[in-house]
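Peer 1:
Numbering (my numbering), first residue to last: 480 to 622.
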């Protein structure tokens with residue numbers, strides 16, 4: 480993704496807050512239809528300092544999200560990515576700290592659930608403590 484370039488100069492445009500909300504809405508709808516809601520809690524962690532409009536909160540909750548705040552991950556300056564889009568990427572590791580859950584699956588707001596998630600969210604496949612958190616593969620550019 481490109482930050483600081485005009486649309487004509489860039490091959491991709493950085494997501495706006497509106498894009499994030501739309502992505503989270505689509506993700507929520509795709510997940511909600513593929514889980515057992517009595518066994519799975521849909522938690523949308525929003526980066527600390529990211530303000531949601533009250534109407535957006537209602538829309539996100541309407542597709543099943545419970546809104547939470549991801550804690551800030553303090554980093555030494557030398558570890559902060561130079562590319563602006565990635566400066567908050569370490570927020571994702573806060574999923575590891577969700578100790579109140581038996582297991583956690585992290586999905587970005589630009590992904591969709593396309594298959595049944597009931598088995599994986601039953602946590603029965605997570606047989607070791609270090610397997611408690613799972614993520615999704617980013618298929619950007621087909622990788």
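Cβ atoms here follow ideal geometry from the backbone N, Cα and C, with glycine treated the same way.
Taking a contact to mean a Cβ-Cβ separation below 9 Å, would you say residue 586 touches residue 519 in this structure?
Peer 2: no
Peer 1: Just the C-alpha distance for residue 630 and residue 536, rounded to the nearest angstrom, thanks.
Peer 2: The chain is shown only over 480 to 622; residue 630 falls outside these bounds and no answer can be derived.
Peer 1: Between the beta-carbon of residue 559 and the beta-carbon of residue 531, is there less than 9 Å?
Peer 2: no
Peer 1: Starting from residue 545, follow the beta strand (DSSP E) in both directions and report where the run begins and ends.
Peer 2: 545 to 549
Peer 1: May I ask which residues mark the beginning and end of the alpha helix (DSSP H) holding residue 510?
Peer 2: 496 to 511
Peer 1: Who are residue 525's beta bridge partners in DSSP?
Peer 2: 548
Peer 1: Quick one: is residue 572 buried, meaning 16 or more other Cβ sit within 10 Å of its Cβ, or exposed?
Peer 2: By the neighbour-count rule (16 or more Cβ atoms within 10 Å), residue 572 is not buried but exposed.
Peer 1: Can you list, in chain order, the residues of its chain whose CB lies under 6 Å from that of residue 544, leaving out five sequence neighbours each side?
Peer 2: The beta carbon of residue 544 lies closer than 6 Å to those of 507, 521, 523 in the same chain, with the five residues before and after it left out.
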